[in-house]
Amino acid sequence: MMLDKLTAKVLPYLKPAGNLMALLVTVALLLLMFPRQGGGTHYDYGVGSFWNNGDLYAPFDFNVPLTPEENEKAVAEAKSKSLLYFEVDSTAHYRALQRLETLSARHNIPFNTRRQLRRSMDSIYRSGYVVPPEGVLGVGAHTLVLLQGNIGSEHRIDEYVTPDDVANELLRDSILVPSIAFDEVRTRLELDARLSQTSYHARMVQEGALVIAKGEYVTQEKAQTLRALEAENDLRFAAHYSMPGHLCGQAMLILIAFAALYLFLLMNKYDILTDSRKLTMVLSNILLISAAIALAVRVAPDYVLVVPLCVVPIMMRIFFDMRVALYIHLTTVIILANMVPNSYEFIFYQLVTGMMSIISVKNFESRSKFFIVGCVIFFTYSLIYTSGVLSQDTHFGNIRLERYGIFFANALLTLLVYPLIYLAEKLFGQTSMLTLLEISNTNTPALRELSRKAPGTFQHSMQVANISEDLINEIGGNSLLAKVGALYHDIGKTVAPLNFTENQTSDFNPHVELDYEESAQLITRHVTDGIDLARKYRLPASVIDFIRTHHGTTYTGYFYAKMQELHPDGGFDKTVFRYPGPMPFTRETAVVMIVDSVEAACKSMKSHTQEEIDRLVDKIIFGKIEAGQLSNCDLTFGDISRIRKILKSRMLSIYHARIAYPVTRAPKP
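The structure is reproduced here in C-alpha cells:
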C-alpha cells in the first residue's frame, strides 16, 4: 500500500525529469562538438568584396607578416647574400696523383696520356680547384671566403678552376680532388645568421590607426592586414584563455537557443514537450546534423555547405507543421553559427534555404516532391551565392563554379530525407505525411473491406473526410491527417454493418428484437471494434485517435432518449449508453467529431431548407460545447464560428432542394 502511494506520487514527475535529462544530454553532446578553444574577434570579409562593417581601427600595435611569396623571396635574397666558406686542402694534389696511379694500373693508361694528365693537374692545382656547392645554397652565390687558419679572405669563384673549366671527363669525374674545400658548418652558421636578421614582417600597424573604412574595397593588402589582426587577436585570446569559462559561455549560448524553442513549444505545441518520443526525435535531429557540421568544420571547413542542413526542417515539416519546422530550424542554425567559420554567411544561406524548403513541402502529395525540394534548395543556394558575388564584385568572372558543385551535392544529399522518414517513424513511433498519403488511398485493404461490407458507412466517411479537410484548411491544422482520420473513423462498422441504418437496404432492422441496452452496446462497440481493426491493419496511432474520439464520451442519442422515456427518474445504468471516449484532444479530431455528427444528422432530415440546416448545425455544435466534448482541444471561438459558417454552406450545397420533374410517357410510334 505504501509502495503504491509512493509510486502514484513519483510517477507524474518521471516523464518531465526524463525530458529534462534528454535536453541536458543534448547540451552536453553539443558542447563536445564545439571547438575546444575559441579565438579572438574574427571578421566577415572576402578579397574583392566591400567592407560592410563600420570603420575598423587597430586596438593595439601589430605586425603584418609577409605573404608566402614575399617570404620566399626574402629567404632567397638572404641566401644569395650569404657567403660560402672554404679551406685550403694541401693534400688534394697528392691524393689526386694517387688516384691517377691507381687508375693507370687498373686500366693500363699509356705513359704519354699519364704525363699529359699530370701536366694538366699541375696547372689546375697551381690555380686552385674548387667545386661550388650549388646544391646547398642554390644558384646565385658567386663569392667565397677562403680560410687560412683564423684569417679569411674574400675571392670570386671564377678566380679558381671549377669542374666546368675541365674538359677531360676522366680527369674531372674520377681524379681531381678539390684543393679549395667547402666548409659546410661555417657556411650554415653564416646563413642562419643572415636568416635571423631577415624581417618577415611587411610593416607595423600602430594602435589607433585606421585598418579599413566602411564600404572600402578589400584588396589583397587589406585582407593581409585583417588576417594579421585576427591572428594577433587569437594570440591575445589564448594568453588568458580559461577552459571552464569558455565551456560555460558555450553552454549558455546553447541553453538560450533551446530556451527560446522551449517557450515557443510551450505556447504553441505543448504536446512535443510532453511526448518523450517527439521530443527525442527533435533533439536527435539537431544532434545528428550538428555532428555532421562539426565533422565538416574539422576536416574540410570550405565544404561546410555540402552538409544537407535542410534535412532537419523538412523532417520537422513532414512530422509536425510549418511553424514548428521553422522554429526548430532557427534554433539549429543559431547553435551551429557558433561552430562554423564566417557565421554571417552561414546564417544567411541556411535561414533562407531552410525557409524555402519548408514552404516547398507544404503540399506533399507525392514522392516526386522530394526532387522538387532538391531543385528548390540548389537554386536557392545558387541564387544567394550569385547575388552576393555580383553585389560585391559586379563581375561574373569572379564567380567560382565549384561552389555550384557544392550546392548540387547538398541538394542530392537532401534526398536522404526520404529513407530517414521511415526510420524516424519506426524509431519514434510518429506518423509522417508520406504514411498518411499512402493510407489515404481508398484501395487499402481496410477501406476496400469497408466499401464492400458497409457501403453506406463508406460513403458517409468519404463525405466527412472531404468536409473535414476543407475545414482544417480554413482554420489551420493538419488537413491530411484530418482527412485520413475521417476516412477510417467508422471502420469498426465493418464488423456488423447491418446494425447501422446507413447500411440497411431492406426493412430488416436487428434492433427491433433487442432491448435498448443491447442495442446501445452494439452501437458503441463499433468504436472498440474499429480500434481492433486499425491495429490489425497497422494503422498509425494518430489515425486510431480519430476512431477513439469521434464520439467522445457522448451517449447513443436515440436509444438513450428511449431509455429516458421508460425511466424518467433515471433509474438505469447510463454508462451502457455512453461511448468509451476519450474526448477529442486536437483540432483535427474535434473537427471530425463535429462533421461526423452534422453529416449524419443532415442525412436523416426530411426537409433541407437553409433555416433547418442552420438550426441543426448550431444545435449540434453548441450541444458539443455544452457537453464539454471540445474542452480538451485547441479550437478557439473564431475557429468555431468559421466551422459553423462553412458547414452550413456545405450541407446546403449537398442537400439542397431539387426540382421534381413531371413523369413523362414515351411517345407512341
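As numbered in my numbering, residues 18 to 686 make up the sequence shown, in order.
From the three backbone atoms N, C-alpha and C, an ideal C-beta is built for every residue, glycine too.
Bridge partners of Ile-168 according to DSSP: Gln-165. Rounded to whole angstroms, Tyr-142 and Thr-160 show a C-alpha spacing of 19 Å. Counting only runs of 4 or more residues that sit fully inside the region 602-668, the alpha helix (DSSP H) segments are 604-620 and 627-643, in chain order. Asp-631 is the residue among Ser-648, Asp-631 and Asn-649 whose C-alpha sits nearest the C-alpha of Tyr-672. Excluding the 5 residues flanking it on each side, Leu-120 has same chain C-beta neighbours closer than 8 Å at Ile-126, Leu-187, Ser-191 and Ile-192, in chain order.
The DSSP-derived three-state label of Ala-113 is helix.
Here Asn-80 is bridged, per DSSP, to Met-221. Bounds of any alpha helix (DSSP H) do not take in Leu-101; it lies within the beta strand (DSSP E) bounded by 101-105. With contacts defined by Cβ atoms closer than 7 Å, Tyr-102 and Asp-200 form a contacting pair. Out of Ser-97, Asp-139, Lys-98 and Arg-552, the CA that lies nearest to the CA of Ala-109 is found in Asp-139. Setting aside the 5 residues that flank it on each side, Leu-227 is surrounded in the same chain by Asp-72 and Tyr-74, each with a C-beta closer than 7 Å to its C-beta; the list follows chain order. Taking C-beta atoms as the reference points, Leu-296 and Ile-289 count as a pair closer than 7 Å. When Cβ pairs closer than 8 Å are counted between the two stretches, the region 592-611 is seen to touch the region 570-582, the count reaching three or more. The beta-carbon distance between Val-323 and Asn-427, rounded to whole angstroms, is 6 Å. This is short enough to meet the 8 Å contact definition.
Counting only runs that start and end inside the region 169-201, the beta strand (DSSP E) elements of at least 3 residues fall at 197-199.
If only complete runs of 4 or more residues are kept, the region 539-589 shows the alpha helix (DSSP H) at 558-566 and 574-583, in order along the chain.
Under the three-state reduction of DSSP output, Thr-108 falls in the coil class, being neither helix nor strand. According to DSSP, Tyr-74 shares a beta bridge with Leu-227. Ser-374: member of the alpha helix (DSSP H) spanning 360-377, first to last residue.
Per the C-alpha coordinates, the member of Ala-313, Ser-374 and Met-332 positioned closest to Met-356 is Ala-313. If you check the CB distance, Asn-520 and Leu-539 do not come in under 7 Å. With 16 or more other CB atoms across the displayed protein chains lying within 10 angstroms of its CB, Pro-325 is buried. Gln-521: not part of any alpha helix (DSSP H); DSSP gives it neither H nor E. Per DSSP, His-506 is not a residue of any alpha helix (DSSP H), being assigned neither H nor E. Under the three-state reduction of DSSP output, Arg-244 falls in the helix class. If you check the CB distance, Val-341 and Lys-286 come in under 7 Å. About 23 Å separates the Cβ atoms of Thr-606 and Gly-473, ruling out a contact at the 8 Å cut-off. The beta carbon of Ile-484 sits closer than 6 Å to the beta carbons of Val-612 and Arg-667 from its chain, once the five residues preceding and following it are set aside; these are given in chain order. Put simply, the backbone Cα of Asp-651 is about 22 Å away from that of Pro-557. Counting the other Cβ atoms within 10 Å of the Cβ of Gly-225 gives fewer than 16, which makes it exposed.
Residue pairing of Phe-67 in beta bridges, as defined by DSSP: Tyr-234.
Separation of the CB atoms of Glu-104 and Ala-198 is rounded to 5 Å, and the pair is thereby assigned contact status at 8 Å. A residue is called buried when at least 16 other Cβ atoms come within 10 angstroms of its Cβ; Asp-182 does not meet this threshold and is exposed. A straight-line Cα-Cα distance of about 6 Å links Ser-536 and His-528. With respect to Met-298, Phe-445 sits close: the two C-beta atoms are nearer than 7 Å.
Residue pairing by DSSP puts Arg-595 in a beta bridge opposite Tyr-572.
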